[in-house]
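Structure record follows, encoded as structure tokens.
There are 2 protein chains.
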Amino acid sequence: MRRAVSATIGGRLSLPLPRPLLVYTTQHRSRAVGGSLGRRNSASFFHSKSRGDHAEALVAVIDKEAANGATRVSIEDILERRAKAGRLVALTAAYSDSDMFKGPTTNKPKAKRWDHHLSPESAVREPCVLKSAAKHLKNPGLISLGGGLPCAEYFPFESLSLRVPAPPHFSETATRAPGGGADLRIGKYDVAAGVAEYDLSIALNYGQANGSAQMTRWVTEHTELVCDPPYADWRCALTVGSTAALEQALRMLCERGEALLTEEYSFSTAIETAGPLGVRVVGVEMDGEGLLPESMERILAGWDASRGPRPHVLYTVPSGQNPTGATQGERRRREIYEVARRWDVFILEDEPYYFLQMAPYQKGGRSNPDPAGAAAATMPVDEFLGGLIPSLLSMDVDGRVLRMDSFSKVVVPGSRLGWVTGSEQIIERYVRHAEVCNQGPSGFSQVILHKLLDEQWGHEGYLRWLMNLRGEYTKRRDVILGACEAYLPGEVVTWSAPAAGMFHWLKVDHTRHPSFPQQSILEIEEDIFNRCISKGVLVGRGSWFRAEQDKAPRDMFFRTTYAAATPENMTEAIGRLGAAIRESYGM
Amino acid sequence: MRRAVSATIGGRLSLPLPRPLLVYTTQHRSRAVGGSLGRRNSASFFHSKSRGDHAEALVAVIDKEAANGATRVSIEDILERRAKAGRLVALTAAYSDSDMFKGPTTNKPKAKRWDHHLSPESAVREPCVLKSAAKHLKNPGLISLGGGLPCAEYFPFESLSLRVPAPPHFSETATRAPGGGADLRIGKYDVAAGVAEYDLSIALNYGQANGSAQMTRWVTEHTELVCDPPYADWRCALTVGSTAALEQALRMLCERGEALLTEEYSFSTAIETAGPLGVRVVGVEMDGEGLLPESMERILAGWDASRGPRPHVLYTVPSGQNPTGATQGERRRREIYEVARRWDVFILEDEPYYFLQMAPYQKGGRSNPDPAGAAAATMPVDEFLGGLIPSLLSMDVDGRVLRMDSFSKVVVPGSRLGWVTGSEQIIERYVRHAEVCNQGPSGFSQVILHKLLDEQWGHEGYLRWLMNLRGEYTKRRDVILGACEAYLPGEVVTWSAPAAGMFHWLKVDHTRHPSFPQQSILEIEEDIFNRCISKGVLVGRGSWFRAEQDKAPRDMFFRTTYAAATPENMTEAIGRLGAAIRESYGM
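Those sequence lines, one after another, are chains X and S.
Okay, so the first sequence: first residue is 15 according to the numbering used here, each after it adds one.
Okay, so the second sequence: first residue is 15 according to the numbering used here, each after it adds one.
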């Protein structure tokens, strides 16, 4: 972890590596989306840093993929597929799965089986008998006296209307302006009236636990566009958010007494989820690019059986990791995946910040290029997709990844709606659990997001929304970094500029604190935290995020976020943080 | 179970007992709500049957309560309390609990402690560190760089509008009519603008796992009106529905290898929830009033320790039980509660159908009085409440009940929103789990239901909605019962008229089937089920609902619902069911 906060320490893996050069991935992908090498200029949006052997390794990887004849699906392909399929008819509690909505997977292998990874709890789950009976509903003329589904006549919602932004004008001001924004209406019986494919009578009744067919189609297509898993039998299931998805996945894969691998500083809620299940969290060392594959290898190779079985599950946040803000480059991801294959480790890929990948930061509170500039606004969506670091799911030839996507960070947290993608076997087990638990996400959330994302924006409009959003977060990141440069005492506080996400992770050198070593790191951290509260700023204590809470920390950190406060308040808050640190250090 | 389907077999507890006589409970409650004995006539709405010793026992119970000085809160009390408290200010992720919204509980005892009932998983849960940090947000002037809460500026929802029914005209026709119904609008910043107490900027951000303060207030007040728990430290927490609440509760209370008591025919999803947790379900015998306390007593007293620890949790659906439709009368509930006290059993009271308690059925497809009649429409809401069978929660002097309420059956299933009520200790443990799991219900669901139930309808309007709804379900029940009388072969099919809920449970005499005993009950049941599907009707097979799936069934049942199909289709469907049974029996 010492290596996480400075890019100046030597060593093979200690420097944050440049992310894959967009031009190659664009070249690769452009065959499907009609791009060309002529986009090289705008494609350099992300990549002002020099290329090294990393880039060459990447070329090899990509050439290999190209030789395999992989062709990425485009939005046009999806629209064409939909047009051929005709209107989607999926009434109350209709069964659906991703296979109904995916493109051909002819040349892809099937995923491996994961029976030996399943917990006894998950292995014995049977399909919910009442949900299974729904298969008879497709018989023409059948009258159901089966499930206790209330009659939509008694739903006290005749219609629901929304005012939303209209691409490409996403701002609140534009949305509020007369004639700006778009007014959408969801009626109770729009499907019967033939004016929509989803309505309140369907969305507000019981549904299948993997989510409605309507939203399943949308997340399946989106996942194909973004990740295009390299095996045939992948599927998506809607979730009530990634926190719940993680809990379900842990119960599905881990038994009491087992251990879970994760970054040595990790999402505190994930750690708090594992603990009560009797699953011990084991921290893998990190650097500026996050989880270190050689540390993971070392832990697995040197595992002492007296600590219980060797870990067989990794939980990782590859992009804009919470709390460190670290982002794994493509090579790093491939190396982690290879370690996982070698040791038969199943991967939980948590990617709430995936689309908040940003342009490189340059000192003085600026990014290059300007995230609000014309180049960013006019970039074709396929270049945006091509410029994103490939996901672990996109490399997953075995089907050993369960990717967790979420709308919380990029649409609204309150939708409590996300999705998981994995092999048919894993998704089936996941849905069996959801059936006797949350029963899938809120119908209000599903029908509202469907109306916005599918009917109104479409895939292209949503990608433009994401492009706009990452530009906004880039501006916010630049503000906090500028404030840190201006107001934090550089003698004791160091950091790396985040390349994605919402978090900025600060290392504060405890060895220079006047009370050290009489006071422990935790005591000094608490002193600074309390001074922060007194001065009117709330930050996260690094110790909250330690994977192994029983180990004494080696370093002192604070987590800040640039997601919430206004730019003025962020600058003011960093000033207060600087004052709190100076006061504690007697500076 | 043999006793469940006929009211003609003798025996002390085999006859469905009349429900408590409304006049007493109304008399008792009316002191708070301004009612009088003059309402005796309309109060007889439910109770055309003769009184017996049951009614006398009830008088004693009620007199005892009255002597204790219990006074039920009224809607007027709540309105007055709100007026005194002033505008509710609860911003993003604000902490709240029921104690902030309850009336005085001065004379009530505190709940018992349940530490010895908690599973190791639940016992070790710690508060979520990030949610806990929210307590600092109340400091004036504090700027948060703490939680990664996205800025509402990036929520792509400027406003959300609803068209809903306006009491007392609840029908779809009235709601659709110009000038009928009500148009409600939820803006993004209504709270800052001072026009509402809840808005999109708050509801669509992250919140506390027990739900928003706004909806917590509403369910707390509603629970006080309906159940008025007789101990001081009761609390509510919102849930993502009762299926999820049950799963959480089982994980909180039961360990692998333990047993759970429930009705011998029980909600199949509940059985399917317990199984994978390693919790064996033990069926308690039933009669026409549901679970038999003496059977529960027998199981507990005669428990063979070689089967594992004696069960310490009961799961029961007291009203309109799923699948049998049985409803426990007040005395039955008190007896069950006493058995639970004697054996230190914790009770999970699942009450989705509580408000669908109906007028008695009279042969020929009619109820007395007419559920759509003037008396039903003009009944004061306190009489409606007074006429409901008291809940287990309302008798729970120990705090040993966790009651699960749901909007699924009485508003919309798709809200995926309900709530639990229990002692402070139990609710705290429940919320600790929700924090690392579903994180509470959808913000869309919360803000929409709040706008409808709290701001638009208020408690009185909602109770009127419920009164109207149970009238609608009564009419539906009468249709299916009339059809059963007309189309089912009375020689082999028997039933009791449901007194609540959505389900009608049919016993089909397997001993008279020509293939019995060459064919087993399950084989004959399957034959009839398949003939039903061929003839175009879906019913539930009784065996789906057996608590102990490994025991051979003694009788044959089918579950039908009168919730979903139109009256015409219901009649047609029962005709098909009758034909299927006749065909199978060679009649």
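Each residue gets a CB set at the ideal place from its N, CA and C atoms; glycine is no exception.
Starting from the Cα of residue 553 (chain X), find the closest Cα among X:563, X:565, X:540, X:564 and give me that residue. To locate residue 553 (chain X), count along the first sequence from 1; it is residue 539. Among X:563, X:565, X:540, X:564, the Cα nearest to that of residue 553 (chain X) is on X:540.
Please list, in chain order, the chain S residues whose beta carbon lies closer than 7 Å to that of residue 179 (chain X). Locating residue 179 (chain X) in the first sequence gives position 165, where the first residue counts as 1. Within 7 Å Cβ-Cβ: 170.
Would you kindly work out how many angstroms separate the C-alpha atoms of residue 236 (chain S) and residue 219 (chain S), rounded to a whole number? Locating residue 236 (chain S) in the second sequence gives position 222, counting from the first residue. Locating residue 219 (chain S) in the second sequence gives position 205, counting from the first residue. Rounded to whole angstroms, residue 236 (chain S) to residue 219 (chain S) spans 25 Å at the Cα level.
Applying the criterion that 16 or more other CB atoms from any shown protein chain within 10 Å of the CB defines a buried residue, is residue 392 (chain S) buried or exposed? For the purposes of this step, residue 392 (chain S) is taken as residue 378 along the second sequence, with counting starting at 1. Exposed, since its Cβ has fewer than 16 Cβ neighbours within 10 Å.
Quick one: is residue 423 (chain S) near chain X, going by C-beta distance under 8 Å? Translated into the one-based positions of the second sequence, residue 423 (chain S) becomes position 409. Yes, because at least one Cβ of chain X sits closer than 8 Å to the Cβ of residue 423 (chain S).
Going straight from the alpha carbon of residue 125 (chain X) to that of residue 349 (chain X), what length do you get? Taking the first sequence and counting its residues from 1, one reaches residue 125 (chain X) at position 111. Taking the first sequence and counting its residues from 1, one reaches residue 349 (chain X) at position 335. For residue 125 (chain X) and residue 349 (chain X), the distance between alpha carbons rounds to 20 Å.
Cβ of residue 290 (chain X) within 8 Å of any chain A Cβ: Judged by its chain identifiers, the structure shown contains no chain A, and its protein chains are X and S.
Whole angstroms is fine: what's the gap from residue 231 (chain S)'s alpha carbon to residue 433 (chain S)'s? Translated into positions along the second sequence, residue 231 (chain S) becomes position 217. Translated into positions along the second sequence, residue 433 (chain S) becomes position 419. Residue 231 (chain S) and residue 433 (chain S): Cα-Cα distance of roughly 12 Å.
Along chain X, in chain order, which residues have C-beta atoms closer than 8 Å to that of residue 398 (chain S)? To locate residue 398 (chain S), count along the second sequence from 1; it is residue 384. Neighbours of residue 398 (chain S) on chain X: none; closest Cβ ~17 Å, over 8 Å.
Taking the alpha carbon of residue 575 (chain X) as the reference point, which residue from X:569, X:560, X:556 has its own alpha carbon closest? Taking the first residue of the first sequence as 1, we reach residue 575 (chain X) at position 561. With distances taken between Cα atoms, residue 575 (chain X) lies closest to X:556.
With a cut-off of 8 Å, does the C-beta of residue 517 (chain X) fall near any C-beta of chain S? Position 503 of the first sequence, counted from the start, is the residue given in the question as residue 517 (chain X). Yes, residue 517 (chain X) counts as interfacial toward chain S.
Could you tell me which residues DSSP pairs with residue 183 (chain X) in its beta bridges? One-based indexing of the first sequence puts residue 183 (chain X) at position 169. For residue 183 (chain X), which the question treats as bridged, DSSP gives the partners X:180.
As an exercise, report each continuous alpha helix (DSSP H) stretch of at least 4 residues that is fully enclosed by the segment 125 to 166 of chain S, in chain order. 134 to 137, 143 to 146
Note the first and the last residue of the continuous beta strand (DSSP E) segment covering residue 517 (chain S). Residue 517 (chain S) sits at position 503 when you count from the first residue of the second sequence. Taken as a continuous stretch (DSSP letters only), the beta strand (DSSP E) holding residue 517 (chain S) covers 517 to 522.
I need the boundaries of the alpha helix (DSSP H) containing residue 237 (chain S), first residue and last residue. Residue mapping note: residue 237 (chain S) aligns to position 223 of the second sequence, counting from 1. Per DSSP, residue 237 (chain S) belongs to the alpha helix (DSSP H) from 227 to 240.
By how many angstroms is the C-alpha of residue 136 (chain S) removed from the C-alpha of residue 269 (chain S)? Your numbering for residue 269 (chain S) matches position 255 in the second sequence. Your numbering for residue 136 (chain S) matches position 122 in the second sequence. If I take the Cα positions, the gap works out to 10 Å.
Count the other CB atoms within 10 Å of the CB of residue 461 (chain X); is the residue buried (16 or more) or exposed (fewer)? Residue numbering aside, residue 461 (chain X) sits at position 447 when the first sequence is read from its first letter. Label assigned to residue 461 (chain X): buried.
Go ahead and label residue 394 (chain S) buried or exposed: buried means 16 or more other beta carbons lie within 10 angstroms of its beta carbon, across all protein chains shown. Residue numbering aside, residue 394 (chain S) sits at position 380 when the second sequence is read from its first letter. So residue 394 (chain S) ends up on the buried side.
Alpha-carbon to alpha-carbon, residue 90 (chain S) and residue 446 (chain X): For the purposes of this step, residue 446 (chain X) is taken as residue 432 along the first sequence, with counting starting at 1. For the purposes of this step, residue 90 (chain S) is taken as residue 76 along the second sequence, with counting starting at 1. Their backbone Cα atoms lie some 46 Å apart in a straight line.
Contact list for residue 164 (chain X) against chain S, beta-carbon separation under 8 Å: In the first sequence, residue 164 (chain X) corresponds to position 150, counting from 1. Result: 422, 423, 426, 427, 516, 577, 578.
Which term fits residue 183 (chain S), buried or exposed, when burial requires 16 or more other beta carbons within 10 angstroms of its beta carbon? Stepping through the second sequence from its first residue, residue 183 (chain S) is reached at position 169. Exposed is the call here.
Label residue 120 (chain X) either buried or exposed according to how many other C-beta atoms from any shown protein chain fall within 10 Å of its C-beta, with 16 as the threshold for buried. Here residue 120 (chain X) corresponds to residue number 106 of the first sequence, with the count starting at 1. With fewer than 16 Cβ atoms within 10 Å of its Cβ, residue 120 (chain X) is classed as exposed.
For residue 504 (chain S), count the other beta carbons within 10 Å of its own beta carbon; 16 or more makes it buried, fewer makes it exposed. Which is it? Taking the first residue of the second sequence as position 1, residue 504 (chain S) is located at position 490. Residue 504 (chain S) should be labelled exposed.
Through-space distance from residue 267 (chain X) to residue 360 (chain X), alpha-carbon basis: Here residue 360 (chain X) is taken as the residue at index 346 of the first sequence, counted from 1. Here residue 267 (chain X) is taken as the residue at index 253 of the first sequence, counted from 1. Cα-Cα distance, rounded: 9 Å.
Does the structure place the segment 301 to 309 of chain X close enough to the segment 245 to 256 of chain X that three or more beta carbon pairs sit under 8 Å? no
Closer than 8 Å between beta carbons: that is the criterion. Which residues of the segment 124 to 153 of chain X meet it against chain S? 134, 135, 136, 138, 139, 140, 142, 143, 144, 147, 150, 151, 153
Below-8 Å beta-carbon distance, residue 19 (chain S) vs any chain X residue: By 1-based counting over the second sequence, the position of residue 19 (chain S) is 5. Its pLDDT being 30, under 50, residue 19 (chain S) is placed unreliably by the model, and the measurement read from it follows with that caveat. Not closer than 8 Å to any Cβ of chain X, the Cβ of residue 19 (chain S) fails to qualify, so no.
Under the three-state reduction of DSSP, which class applies to residue 578 (chain S): helix, strand or coil? Here residue 578 (chain S) corresponds to residue number 564 of the second sequence, with the count starting at 1. Residue state, collapsed to three classes: coil.
DSSP state of residue 335 (chain X), grouped into three classes? Translated into the one-based positions of the first sequence, residue 335 (chain X) becomes position 321. If DSSP states are grouped into helix, strand and coil, residue 335 (chain X) belongs with coil.
So which residues on chain X does residue 261 (chain S) lean against when the C-beta distance must stay under 8 Å? Taking the first residue of the second sequence as position 1, residue 261 (chain S) is located at position 247. Per Cβ cutoff of 8 Å: 450, 451.
Residues in the segment 334 to 352 of chain X with C-beta within 8 Å of chain S's C-beta atoms, listed in sequence order? 336
Tell me whether residue 475 (chain S) is buried or exposed, calling it buried when 16 or more other Cβ atoms sit within 10 Å of its Cβ. The sequence position of residue 475 (chain S) within the second sequence is 461, counting from 1. Buried, by the Cβ-count rule.
Could you tell me the alpha carbon to alpha carbon distance between residue 88 (chain X) and residue 399 (chain X), rounded to whole angstroms? Here the question's residue 88 (chain X) lines up with position 74 in the first sequence. Here the question's residue 399 (chain X) lines up with position 385 in the first sequence. In a straight line, the C-alpha of residue 88 (chain X) is about 11 Å away from that of residue 399 (chain X).
Residue 273 (chain X) lies in the alpha helix (DSSP H); which residues open and close that run? Within the first sequence, residue 273 (chain X) is the residue found at index 259, counting from 1. Element bounds for residue 273 (chain X): not the alpha helix (DSSP H) but the beta strand (DSSP E), 273 to 277.
Would you say residue 583 (chain S) reaches chain X, if we count a Cβ-Cβ gap shorter than 8 Å as a contact? Translated into the one-based positions of the second sequence, residue 583 (chain S) becomes position 569. Taking Cβ atoms only, chain X reaches closer than 8 Å to residue 583 (chain S), which makes this a yes.
Report the residues of the segment 541 to 565 of chain S with a CB closer than 8 Å to any CB of chain X, ordered along the chain. 547, 550, 551, 552, 553, 554, 558
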